[in-house]
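In this note's numbering, the protein residues as written are 152 to 614.
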């Protein structure tokens with residue numbers, strides 16, 4: 152690996168402080184993408200005064216940072232501090248903590264294991280439809296990215312994690328606290344160099360949310376531990392049971408804090424991408440009625456008037472294409488921060504140890520040299536085998552390499568079940584169409600609310 156000297160082989164494009172701050176403060180996600188696209192994927196350095204990170208978007212550079220040289224680019228530094236305050240030492244950590252968590256959690260996210268729980272997930276999603284039926288009957292609007300849609304995702308995830316041992320009331324308590332954690336770190340992510348001794352907007356809300364999450368999760372762990380220890384306990388397949396068994400097998404005891412970190416990390420991996428994808432979907436379908444019609448036709452043809460079951464998912468390739476395009480245009484992970492361990496070189500730019508490097512899926516997915524009409528929402532770009540001809544690392548909604556997100560298969564199953572259920576039962580009408588602004592947090596989400604009116608469809612005619 153090349154070593155750095157005081158004189159770089161190639162100088163990165165530098166966006167000066169006076170230009171960077173106003174633009175990033177107004178619309179950071181769009182502005183980062185604009186910088187990367189303008190530089191044609193070459194490395195850009197942001198001059199933010201005390202903080203001068205490198206923006207990485209070219210697929211070749213992505214491959215180096217996240218895969219081939221991944222041990223030199225670690226999840227550390229100021230960008231990770233807000234997240235680690237809630238996720239702790241688990242799958243989002245580094246070193247031994249990450250390796251241990253990965254070894255235990257990876258088997259719980261394989262397609263085989265997730266498929267074994269898919270019938271239960273389908274039951275949960277279908278069980279949430281009567282609440283939407285009431286909104287459809289009365290004409291009450293729902294927030295397409297708000298409580299009603301997020302609640303469906305969260306209830307399915309909690310069923311996956313805890314089986315039938317968690318009441319709906321607990322899910323309803325946990326959901327807003329998770330959302331608060333995801334959104335209240337906005338300022339810390341934009342200005343990560345701000346000392347924690349200085350209180351910034353969102354800090355108090357974040358700490359209150361973490362405290363409430365801990366109360367709920369620790370209580371659930373205790374309840375499940377008691378149930379598992381009961382002589383009458385029967386083997387169960389939900390993740391909490393497998394997790395407690397695996398953690399105990401390591402050294403004969405269960406570190407409750409470690410299990411808490413595992414569960415919070417898994418909850419995020421299992422719910423955030425799906426929930427945020429739904430937040431964007433309804434606006435996309437409104438803007439592209441041809442996509443809406445084709446997707447609805449496929450769902451009607453496959454599902455008919457009956458319940459949506461897991462086996463239907465594999466029979467709906469266009470739905471898969473829509474989801475692929477959705478997470479290309481709106482990847483949940485807008486940046487993937489890393490910190491260099493040793494001096495290194497990326498694309499001819501020499502970078503010193505301790506530097507902050509920001510891989511930007513949002514930018515990579517918009518580079519015109521790798522994506523034809525990159526700003527256009529076009530599910531057909533995923534048809535057949537033509538998408539396989541693109542650079543392997545030009546599409547990274549889940550990251551890549553050893554730290555790739557474990558929840559990929561779960562996302563496609565979960566999102567497909569929710570979308571197919573909603574679209575088979577209702578025609579969604581967006582009442583306030585508008586241009587959406589991406590807002591950074593733990594994931595990228597629209598700043599604006601999307602108010603939907605659900606119009607019941609005649610399902611009997613398709614039975």
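Yeah, the Cβ is synthetic: ideal placement off N, Cα and C, and Gly gets one too.
Exposed or buried, what is residue 400 when buried is set at 16 or more other beta-carbons lying within 10 Å of its beta-carbon? Counting the other CB atoms within 10 Å of its CB gives residue 400 a total below 16, which places it among the exposed residues.
Pair every Cβ in the region 588 to 602 with every Cβ in the region 420 to 432, then say whether three or more of these pairs are closer than 8 Å. Contact between the region 588 to 602 and the region 420 to 432 is present: three or more C-beta pairs spanning the two stretches fall below 8 Å.
Use the C-beta contact count for residue 287: other C-beta atoms within 10 angstroms, 16 or more gives buried, fewer gives exposed. Answer is buried; the Cβ neighbour count reaches 16.
Could you tell me how far apart the beta carbons of residue 568 and residue 459 are, in whole angstroms, since I believe they sit closer than 8 Å? That belief holds up - the Cβ atoms of residue 568 and residue 459 are roughly 6 Å apart, short of 8 Å.
Contacts around residue 273, its chain only, beta-carbon distance under 8 Å, and the 5 residues preceding and following it disregarded: So the list reads 458, 459, 460, 461, 568, once near-sequence residues are dropped.
Can you give me the start and stop residues for the beta strand (DSSP E) that residue 491 sits inside? For residue 491, the uninterrupted beta strand (DSSP E) segment begins and ends at 487 to 491.
Measuring only the C-alpha atoms, how far is residue 442 from residue 259? Cα to Cα, the separation comes out at about 34 Å.
My assumption, with CB atoms under 8 Å, is that residue 332 sits in contact with residue 237. Please give the rounded CB distance. Approximately 5 Å separates the beta-carbon atoms of residue 332 and residue 237; this is inside 8 Å, confirming the contact.
Continuous beta strand (DSSP E) assignments of at least 3 residues falling wholly in the region 451 to 491: Entirely contained in the region 451 to 491, the beta strand (DSSP E) runs reaching 3 residues are, in chain order, 487 to 491.
Close-in-space but distant-in-sequence residues of the same chain around residue 476 (CB under 8 Å, 5 per side omitted): These residues qualify, in order along the chain: 528, 529, 530, 532, 533.
Determine the DSSP secondary structure at residue 154, reduced to helix, strand or coil. Caution is warranted here: a pLDDT of 37 is assigned to residue 154, below 50, making its placement in the model unreliable, and the coordinate value is therefore given only provisionally. In the structure shown, residue 154 sits in coil (DSSP, three-state: anything other than H, G, I, E or B).
For residue 206, which beta-bridge partners are listed by DSSP? According to DSSP, residue 206 bridges with 195, 509.
Determine, using beta-carbon pairs with one atom in the region 213 to 227 and one in the region 481 to 500, whether at least three such pairs fall under 8 Å. With the cut-off at 8 Å, the region 213 to 227 and the region 481 to 500 touch.
Is the region 313 to 332 touching the region 276 to 296 in the sense that three or more CB pairs, one from each, lie closer than 8 Å? A contact is defined here as three or more CB-CB pairs under 8 Å, and the region 276 to 296 fails this definition with respect to the region 313 to 332.
Does the Cβ of residue 448 have 16 or more other Cβ atoms within 10 Å, making it buried, or fewer, making it exposed? Answer is exposed; the Cβ neighbour count stays below 16.
Go ahead and label residue 176 buried or exposed: buried means 16 or more other beta carbons lie within 10 angstroms of its beta carbon, across all protein chains shown. The residue is exposed, with fewer than 16 neighbouring Cβ atoms inside 10 Å.
Sorted by chain position, which residues of the same chain lie with C-beta nearer than 7 Å to residue 203's C-beta, five sequence neighbours on each side aside? Excluding sequence neighbours, residue 203 sits near 196, 197.
Status (buried if at least 16 other CB within 10 Å, exposed otherwise) for residue 328: Answer is buried; the Cβ neighbour count reaches 16.
Can you check which of these residues, 311, 187, 493, 161, is closest to residue 392 by C-alpha distance? If we check each option's Cα against that of residue 392, 311 comes out closest.
Rounding to the nearest angstrom, what Cα-Cα distance links residue 542 and residue 521 in this structure? Across the structure, residue 542 and residue 521 are spaced so that their CA atoms are roughly 7 Å apart.
Euclidean distance between Cα positions of residue 336 and residue 267: Approximately 35 Å, taken between the alpha carbons.
Which residues DSSP lists as bridging residue 495, in chain order: Answer is 502, bridged to residue 495.
Distance, Cα to Cα, residue 343 vs residue 181? Put simply, the backbone Cα of residue 343 is about 18 Å away from that of residue 181.
Which residue spans inside the region 253 to 321 form an unbroken alpha helix (DSSP H) run of at least 4? Counting only runs that start and end inside the region 253 to 321, the alpha helix (DSSP H) elements of at least 4 residues fall at 262 to 278, 280 to 289, 298 to 313.
Below 8 Å on the Cβ atoms is my contact criterion, and I expect residue 378 with residue 463 to pass it. Report the Cβ-Cβ distance as a whole number of Å. That belief does not hold up - the Cβ atoms of residue 378 and residue 463 are roughly 33 Å apart, past 8 Å.
Would residue 499 be called buried (16 or more neighbouring beta carbons within 10 Å of its own) or exposed? Classification for residue 499: exposed.
Cα-Cα separation between residue 412 and residue 365, rounded to whole angstroms: Straight-line Cα distance between these residues: approximately 10 Å.
Can you tell me the Cα-Cα spacing of residue 270 and residue 472, whole angstroms? Distance between the alpha carbons of residue 270 and residue 472: 23 Å.
Leaving aside the five residues before and after residue 416 along the sequence, list all residues of the same chain whose C-beta is less than 6 Å from its C-beta, in chain order. The residues are 238, 241, 242, 243.
Per DSSP, what kind of secondary structure is residue 533 in: helix, strand or coil? Three-state DSSP puts residue 533 in a helix.
Could you name the residues that DSSP lists as bridge partners for residue 579? The secondary-structure analysis by DSSP pairs residue 579 across a beta bridge with 605.
Span of the alpha helix (DSSP H), counted from its first residue to its last, around residue 433: That run of the alpha helix (DSSP H) goes 407 to 438.
So what's residue 517 in DSSP terms, helix, strand or just coil? For residue 517, the three-state secondary structure derived from DSSP is coil.
For residue 178, which residues of its own chain have a beta-carbon under 7 Å away from its beta-carbon, when the five flanking residues on both sides are left out? Taken in chain order, the residues that qualify are 588.
Proximity to residue 161 [Cα-Cα], best of 538, 576, 501, 418: Checked all of 538, 576, 501, 418; the closest Cα to residue 161 is 501.
Using a Cβ-Cβ cutoff of less than 7 Å, which residues in the same chain neighbour residue 422 once the five nearest sequence positions on both sides are dropped? Scanning its chain for C-beta atoms nearer than 7 Å, with the 5 sequence neighbours on each side dropped, one finds around residue 422 the residues 304, 305, 308, in chain order.
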